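This report refers to the structure that appears directly beneath it.
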Amino acid sequence: MSSLIIGNICSLLAMCSDGISASRKTAKGILSVQIASQFLYGASTIVLKGYSGAVQNAVSVFRNLTAMSKKQYKWIEWLLLSLAVGLGIYFNNRGLVGWLPVLGNFIYTLTVFRFKDQERPIKYAFAISTVMFAIFNFSIQNYVAFGGNVVVFIMAVIFLIKGRSKNGKNERNTAV
44 MSSLIIGNIC SLLAMCSDGI SASRKTAKGI LSVQIASQFL YGASTIVLKG
94 YSGAVQNAVS VFRNLTAMSK KQYKWIEWLL LSLAVGLGIY FNNRGLVGWL
144 PVLGNFIYTL TVFRFKDQER PIKYAFAIST VMFAIFNFSI QNYVAFGGNV
194 VVFIMAVIFL IKGRSKNGKN ERNTAV
């Protein structure tokens with residue numbers, strides 16, 4: 044079986060997991076489901092030789108585990124951010140496009156650690172990061188991940204809009 048097919052199968056499984064995470068209503072729910080996604084996306088990017096993306100996926104597993112724990116240490120947050128950027132630079136074999144997963148992961152990691160108990164900022168950062176990973180995935184011929192990124196981006200935006208309109212209705216009802 045070719046590496047293109049294997050990489051895209053791993054991405055299909057990760058995409059399903061990402062779709063589930065976009066529908067979670069708590070930050071902990073989002074992060075826990077994304078751990079499975081990160082393992083699968085990491086496998087696909089290794090197979091498809093997108094190493095800067097694979098490193099970001101590996102660091103993301105540790106980021107999510109850290110963010111879900113009750114104890115938060117600033118030094119761990121900065122260590123994970125530094126590892127993601129440093130390893131992303133070292134393993135980047137895709138030029139400027141290889142920077143997209145590094146930047147996307149940086150934005151998302153900062154958001155997770157700054158707004159760890161807030162669903163909306165995490166979903167916004169997830170949507171932005173997903174666009175960056177979509178471009179990267181297309182460049183490494185990870186077409187399933189690219190399609191999944193597009194679908195998950197749309198789902199995240201829909202859930203953000205639904206959440207905004209739901210909050211707006213609640214605010215109007217309490218004001219009356």
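Counting from 44, one number per residue, gives the positions in the sequence shown under our numbering. Note that CB positions come from ideal geometry on N, CA and C, so glycine has one too. Because the structure is a prediction, the values reported are computed rather than measured.
Here's the rule: buried if 16 or more other CB atoms are within 10 angstroms of the residue's CB, otherwise exposed. What is residue i?
i    : result
T69  : exposed
N136 : exposed
Y151 : buried
S103 : buried
L91  : buried
L153 : exposed
Quick check: what's the CA-CA separation for residue i versus residue j?
i    : j    : result
F196 : Y116 : 30 Å
L130 : G62  : 27 Å
S172 : S45  : 28 Å
G141 : Q184 : 13 Å
Y167 : D160 : 14 Å
M175 : R207 : 24 Å
K205 : S64  : 16 Å
S143 : V128 : One point to set straight first is that residue 143 is Leu, not Ser, in the sequence displayed. Each residue's alpha carbon lies about 11 Å from the other.
E214 : L126 : Only weak support is given to the placement of E214: the predicted model assigns it a pLDDT of 44, under 50, and the question is left unresolved by the model.
So what does DSSP say about residue i, is it helix, strand or coil?
i    : result
I178 : helix
G93  : coil
R67  : coil
R44  : The displayed chain sequence assigns Met, not Arg, to residue 44. M44: coil per DSSP, three-state reduction.
K159 : coil
I73  : helix
Q81  : helix
I171 : helix
T217 : Unreliable placement is indicated for T217, whose pLDDT of 41 sits below 50; the coordinate value is still reported in the next sentence. Three-state result, T217: helix.
I183 : coil
With a threshold of 8 Å on Cβ separation, who are the neighbours of residue i within its own chain once the five nearest residues in sequence on each side are excluded?
i   : result
S66 : M198, F202
Could you pull out every residue in the same chain whose Cβ sits closer than 6 Å to the Cβ of residue i, ignoring the five residues on either side in sequence?
i    : result
W118 : none
F134 : Y94, S95, V98
A79  : S60
Could you name the residues of the same chain whose beta carbon sits closer than 7 Å to that of residue i, not counting the 5 residues immediately before and after it, in chain order?
i    : result
F105 : L123
N180 : A188, F189, N192
Mind checking whether the beta-carbon of residue i lies closer than 8 Å to any heavy atom of the ligand MG?
i    : result
R207 : Among the components of this structure there are no ligands whatsoever, and the ligand MG is therefore not found.
Taking CB distances under 9 Å as the criterion, tell me whether residue i reaches chain D.
i   : result
A65 : No chain D appears in this structure, which consists of one protein chain only.
Q: Return the chain-ordered ranges of every alpha helix (DSSP H) run that is complete within the region 95-157 and spans a minimum of 4 residues.
A: 117-134, 142-157
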